[in-house]
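Chemist:
There are 2 protein chains.
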Amino acid sequence: MANNITISQAAQYLGQEVTISGWVYNKTGKGKLHFIMVRDGTGVIQVVIFKGNVTEEAFEKCAALTQESSIRITGVISEDLRAKGGHELQAKEVEVLNIAPEYPISPKEHGIEFLMDNRHLWLRSSKQHAILKIRHEIIKASRDYFDNLGFTLVDAPIFTPSACEGTSNLFETDYFDTKAYLTQSGQLYMEAAAMAFGKVYCFGPTFRAEKSKTRRHLTEFWMIEPEVAFFDLQQDMDLAEGMIIYIVDRVLEKRRQELEILERDVSKLEAVKTPFPRIHYDEAVKLIKAENPEFIDGDDLGGTDETIVSSHFDRPVMITHYPAAVKAFYMKRSAQQPDRALCVDVLAPEGYGEIIGGGQREDDLEILLSRIREHNLPQEAFNWYLDLRKYGTVPHAGFGMGIERTVAWICGRPHIRETIPFPRTMYRLTP
Amino acid sequence: MANNITISQAAQYLGQEVTISGWVYNKTGKGKLHFIMVRDGTGVIQVVIFKGNVTEEAFEKCAALTQESSIRITGVISEDLRAKGGHELQAKEVEVLNIAPEYPISPKEHGIEFLMDNRHLWLRSSKQHAILKIRHEIIKASRDYFDNLGFTLVDAPIFTPSACEGTSNLFETDYFDTKAYLTQSGQLYMEAAAMAFGKVYCFGPTFRAEKSKTRRHLTEFWMIEPEVAFFDLQQDMDLAEGMIIYIVDRVLEKRRQELEILERDVSKLEAVKTPFPRIHYDEAVKLIKAENPEFIDGDDLGGTDETIVSSHFDRPVMITHYPAAVKAFYMKRSAQQPDRALCVDVLAPEGYGEIIGGGQREDDLEILLSRIREHNLPQEAFNWYLDLRKYGTVPHAGFGMGIERTVAWICGRPHIRETIPFPRTMYRLTP
Numbered sequence: 409m410a411n412n413i414t415i416s417q418a419a420q421y422l423g424q425e426v427t428i429s430g431w432v433y434n435k436t437g438k439g440k441l442h443f444i445m446v447r448d449g450t451g452v453i454q455v456v457i458f459k460g461n462v463t464e465e466a467f468e469k470c471a472a473l474t475q476e477s478s479i480r481i482t483g484v485i486s487e488d489l490r491a492k493g494g495h496e497l498q499a500k501e502v503e504v505l506n507i508a509p510e511y512p513i514s515p516k517e518h519g520i521e522f523l524m525d526n527r528h529l530w531l532r533s534s535k536q537h538a539i540l541k542i543r544h545e546i547i548k549a550s551r552d553y554f555d556n557l558g559f560t561l562v563d564a565p566i567f568t569p570s571a572c573e574g575t576s577n578l579f580e581t582d583y584f585d586t587k588a589y590l591t592q593s594g595q596l597y598m599e600a601a602a603m604a605f606g607k608v609y610c611f612g613p614t615f616r617a618e619k620s621k622t623r624r625h626l627t628e629f630w631m632i633e634p635e636v637a638f639f640d641l642q643q644d645m646d647l648a649e650g651m652i653i654y655i656v657d658r659v660l661e662k663r664r665q666e667l668e669i670l671e672r673d674v675s676k677l678e679a680v681k682t683p684f685p686r687i688h689y690d691e692a693v694k695l696i697k698a699e700n701p702e703f704i705d706g707d708d709l710g711g712t713d714e715t716i717v718s719s720h721f722d723r724p725v726m727i728t729h730y731p732a733a734v735k736a737f738y739m740k741r742s743a744q745q746p747d748r749a750l751c752v753d754v755l756a757p758e759g760y761g762e763i764i765g766g767g768q769r770e771d772d773l774e775i776l777l778s779r780i781r782e783h784n785l786p787q788e789a790f791n792w793y794l795d796l797r798k799y800g801t802v803p804h805a806g807f808g809m810g811i812e813r814t815v816a817w818i819c820g821r822p823h824i825r826e827t828i829p830f831p832r833t834m835y836r837l838t839p
Numbered sequence: 409m410a411n412n413i414t415i416s417q418a419a420q421y422l423g424q425e426v427t428i429s430g431w432v433y434n435k436t437g438k439g440k441l442h443f444i445m446v447r448d449g450t451g452v453i454q455v456v457i458f459k460g461n462v463t464e465e466a467f468e469k470c471a472a473l474t475q476e477s478s479i480r481i482t483g484v485i486s487e488d489l490r491a492k493g494g495h496e497l498q499a500k501e502v503e504v505l506n507i508a509p510e511y512p513i514s515p516k517e518h519g520i521e522f523l524m525d526n527r528h529l530w531l532r533s534s535k536q537h538a539i540l541k542i543r544h545e546i547i548k549a550s551r552d553y554f555d556n557l558g559f560t561l562v563d564a565p566i567f568t569p570s571a572c573e574g575t576s577n578l579f580e581t582d583y584f585d586t587k588a589y590l591t592q593s594g595q596l597y598m599e600a601a602a603m604a605f606g607k608v609y610c611f612g613p614t615f616r617a618e619k620s621k622t623r624r625h626l627t628e629f630w631m632i633e634p635e636v637a638f639f640d641l642q643q644d645m646d647l648a649e650g651m652i653i654y655i656v657d658r659v660l661e662k663r664r665q666e667l668e669i670l671e672r673d674v675s676k677l678e679a680v681k682t683p684f685p686r687i688h689y690d691e692a693v694k695l696i697k698a699e700n701p702e703f704i705d706g707d708d709l710g711g712t713d714e715t716i717v718s719s720h721f722d723r724p725v726m727i728t729h730y731p732a733a734v735k736a737f738y739m740k741r742s743a744q745q746p747d748r749a750l751c752v753d754v755l756a757p758e759g760y761g762e763i764i765g766g767g768q769r770e771d772d773l774e775i776l777l778s779r780i781r782e783h784n785l786p787q788e789a790f791n792w793y794l795d796l797r798k799y800g801t802v803p804h805a806g807f808g809m810g811i812e813r814t815v816a817w818i819c820g821r822p823h824i825r826e827t828i829p830f831p832r833t834m835y836r837l838t839p
């Protein structure tokens, strides 16, 4: 019996008889010949069906093949440099498993809503396929990066007990006799874990019920969040820089073909080298004001402001020392500038916006308590978190990287909705 | 300046001056000597503080050190085979960062509720630490297994649009103008993805609102779910068997020390070799009835029944061909026994219960439609899923493995709540 192989293995079976199973991608031919492009998820191969080589019945059936029909072909692999993929399969036996009715997605233009309604089928298209292969590579690379540095994976919980920072952007669910909220970040839990393991990260979905329709927002998105004990802002920035370089290098090494399918300008990715520019918030404000005089010193950066700053650099830029007032209560303040937070945002180049936010955490019990009071937060809900400052507090820092924004940047896709298999937005919960 | 190192690196710095930062695990000594056991998340080292070697002030401060106080010590590493970890640090400088108040968790016995209330601190204990290190290894091994076989990671959505199989065990949330439900399994989405990529898996949290208090249930647990196109039940079982062997071998190779801390009988894990017994449901029933005559032929297996079956084997056992009536609507039926499903459950040895459920999926559009009607399911909600049988349907199969149950088995922990960093159960939503 012939070996069952995937299309990606074709080169290893030159001249041999094999069986390939897949779906019809395209079909041409005339008279005694059918040329069928078959995809199987690992690649595309041209199948040549010559009337004399297969049964009369099989040849007739092949005439009826439509896009996305499923088939199994046994034949001999030959090299054909003209063919896509570089190989050809000369069919000896063809088994038609299913003739598909007219496929809804054709090479003609479709509206985005139509494509999203058919996301379960759209995933078969070459560009969507390429984006998700790169997404996989990015996720794998970020995990490998931390694993290689001796970090421990500690999954943060999804259900959280209280709406610590207000309920406005939280998804709420009944939880037996009480309410639970879906996590927005695993950070506080990672701080606890860092005190147990030294270096930790979590990787999971996070949720924001924002009524936001921008191309940068999803209600459900994935984050990787490292946290390290005995770590300061500078070390945190080194860690983030190292991770981004590692991810970009890996994608360039392993996913050239997919970047090509996406027509990504890889020179832009090849420019991502150490060191990344590290600029103070005040410096960023100067760059912004030159182009957007309306910007108010002391405000957080909007999408346009981020684009202005990042346009000055050919690689990710790190902005530090934001006004503490626009950052979370747990941020440690600068000793030199007590109104500034020891924080960092990393903006992707080419206007893709913020991909990382992080910084050093306040490690002094009394200061943290007073911040909780200033922010009118319910102290009781934070008692366990305050314990971390009681029992052996140490300087520590960490960050969170949004996976989908990183995928959007590396793939060069303007809209984040294509960077996750089944996107969830304010208006989309299906399929 | 001395190198900052972790305790796990001590062996590489014999005779050299280094700085180690960590937490006090234990303290003894008398007169002119303090012996301090320090942990830093990578290991434990004995620090020797001799009065003449450090400042008077530092020596006095060390006298006040309590469990979980945080310190930074500079000194010289020497070998000491009597000491835990095999090395000793002869202190020259000591910086006390924080003196902890009396630590709530002491070596004496604590109730489980107390420990769970202090889960953020309990993570620092050596057994909990060991379990979570093994959890990390199991997760990494399962991902590596599929990555090495050319699978594509395709994250399934957490928010799902409709309560396809009834709302009783689902967590519900307001989703803007509609309702959303938290996923119980990514399988249906993986079937769509398998038609695009051939071989796929997802890895993420899943949710069940079961009012169950057993030691095997969590409301929030993690699953890995592979799905493969052109795959049948036999191949599916081979894949599952290969994965389990791969995971167990990896843990035995990399986490011996942690298994030792847990006092795990590793001979039980070493016995996990291919081939796993594969038995028909009817055969399982015979084994069960011999010990539990009340068992009704045709029923699903309960926890006790699973233990009876698994007690006959020294490795995981695969049970196939359950009555279709007790399995989900999408299971393909056996051609030889049309009332049986082409499904498989894998039971861990030693009574740890089901860790895997899976099987071949119904791939015929008409049959699937009639099953949906028989089960009184809303057809409209499944239209996208039915599309997979319209546009190039192919035989396919997959399974889901519960991470926490697998961790419980491999670590030899009877209760699943210790196998996840921050467990969520019917009665527990904190910390």
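Heads up: the sequence lines are chains B and E, in that order. Sequential numbering of the first sequence, starting at 409, is according to our numbering. Sequential numbering of the second sequence, starting at 409, is according to our numbering. Ideal placement from N, C-alpha and C gives every residue a C-beta, glycine not left out. Because the structure is a prediction, the values reported are computed rather than measured.
1) On a Cα-Cα basis, can you pick out the residue from E/Val456, E/Asn434, E/Asp448, E/Val452 that is closest to E/Leu906?
2) Taking just the CA atoms, how far does B/Ser718 sit from E/Gly519?
3) Contact check, B/Ile632 vs B/Ser550 under 8 Å by CB: the rounded distance?
4) Thinking C-alpha only, which one of E/Tyr799, E/Val656, E/Ser534, E/Tyr760 is nearest E/Ile449?
5) Which of the three DSSP states is assigned to B/Tyr589 in this structure?
6) Please tell me whether E/Met651 has its Cβ less than 8 Å away from any Cβ of chain B.
7) With 16 as the cutoff for other CB atoms within 10 Å, does B/Pro683 come out buried or exposed?
8) Between the beta-carbon of E/Leu529 and the beta-carbon of B/Asp646, is there less than 8 Å?
9) Quick check on the DSSP output: the beta strand (DSSP E) that includes B/Gln745 runs from which residue to which?
10) Tell me the rounded alpha-carbon separation between B/Val504 and E/Trp792.
11) Closest to E/Gly483 by C-alpha separation, out of E/Ala472, E/Glu496, E/Ala491, would be which residue?
12) If you draw a straight line from the alpha carbon of B/Val656 to that of B/Val680, how long is it in whole angstroms?
13) B/Asp843 versus chain E: which residues are under 7 Å apart at the beta carbon?
14) Could you tell me if E/Gln475 is buried or exposed, where buried requires 16 or more neighbouring beta carbons within 10 angstroms of its beta carbon?
15) Can you tell me which of the three DSSP states E/Val815 falls into?
16) With a cut-off of 8 Å on the beta carbons, I'd call B/Leu473 and B/Ile481 a contact; round off their distance for me.
17) What are the residues of the region 521 to 540 of chain E that lie near chain B, defined by any Cβ-Cβ distance shorter than 7 Å?
18) From the beta carbon of B/Tyr597, is the nearest beta carbon of chain E less than 8 Å away?
19) Are there any heavy atoms of the ligand HEM lying less than 7 Å away from the beta-carbon of E/Met598, as far as the coordinates show?
20) Please classify B/Phe615: does DSSP put it in a helix, a strand, or coil?
21) Mind checking E/Ile704: buried by the 16 CB within 10 Å criterion, or exposed?
22) Residues bridged to B/Trp431 by DSSP?
23) Spatial neighbours of E/Val802 within its chain, please: C-beta separation below 8 Å, excluding the five flanking residues on both sides.
24) Can a CB atom of chain B be found closer than 8 Å to the CB of E/Lys492?
25) Have a look at the DSSP bridge pairing and note the partners of B/Phe807.
26) Select from E/Phe615, E/Arg490, E/Glu699 the residue whose C-alpha is nearest the C-alpha of E/Glu628.
27) Restricting to Cα atoms, I'd like to know which of E/Gly460, E/Met598, E/His625, E/Tyr421 is closest to E/Gly439.
28) Over the uninterrupted alpha helix (DSSP H) stretch that includes B/Ile542, give me the two end residues.
29) Going by beta carbon distance, what residues of the same chain come within less than 8 Å of B/Tyr511, once the five residues before and after it are set aside?
30) In chain B, which residues lie less than 7 Å from E/Arg832 when you measure between Cβ atoms?
31) Please classify B/Tyr835 as buried or exposed, where buried requires at least 16 other C-beta atoms within 10 Å of its C-beta.
32) For the putative contact between B/Pro822 and E/Ile566, defined by C-beta atoms under 8 Å, what is the C-beta separation to the nearest angstrom?
33) Using the C-alpha atoms, what's the distance from E/Gln536 back to E/Cys470?
34) Answer yes or no: do E/Leu750 and E/Met739 have a C-beta to C-beta separation smaller than 8 Å?
35) Of the residues B/Leu667, B/Pro569, B/Arg543, B/Gln787, which one's Cα is nearest the Cα of B/Phe584?
36) Give the residues of chain A in contact with E/Ser429, contact being defined as C-beta atoms less than 8 Å apart.
Modeler: With the given structure in hand:
1) Since the first residue of chain E shown is 409 and the last is 839, residue 906 of chain E is not available in this structure.
2) 54 Å
3) 5 Å
4) Residue identity check: residue 449 of chain E is Gly in the sequence provided, not Ile. E/Gly449 has its Cα closest to that of E/Ser534, out of E/Tyr799, E/Val656, E/Ser534, E/Tyr760.
5) strand
6) no
7) exposed
8) no
9) Looking at the DSSP string, B/Gln745 is not in any beta strand (DSSP E), and its letter there is neither H nor E.
10) 23 Å
11) E/Glu496
12) 8 Å
13) Outside the displayed range of chain B (409 to 839) lies residue 843 of chain B, so it cannot be described from this structure.
14) buried
15) helix
16) So it is not a contact: roughly 11 Å between Cβ atoms.
17) His528, Leu529, Leu531, Arg532, His537, Leu540
18) yes
19) Because no ligand of any kind appears in the structure shown, any question about the ligand HEM cannot be addressed here.
20) strand
21) exposed
22) B/Arg447, B/Ser478
23) Met603, Ala637, Phe638, Asp771
24) no
25) B/Gly766
26) E/Phe615
27) E/Gly460
28) 534 to 556
29) Thr474, Gln475, Glu476, Leu529
30) Pro565, Phe567
31) exposed
32) Wrong, their Cβ atoms sit about 25 Å apart, outside the cutoff.
33) 28 Å
34) yes
35) B/Pro569
36) No chain A is present in this structure, whose protein chains are B and E.
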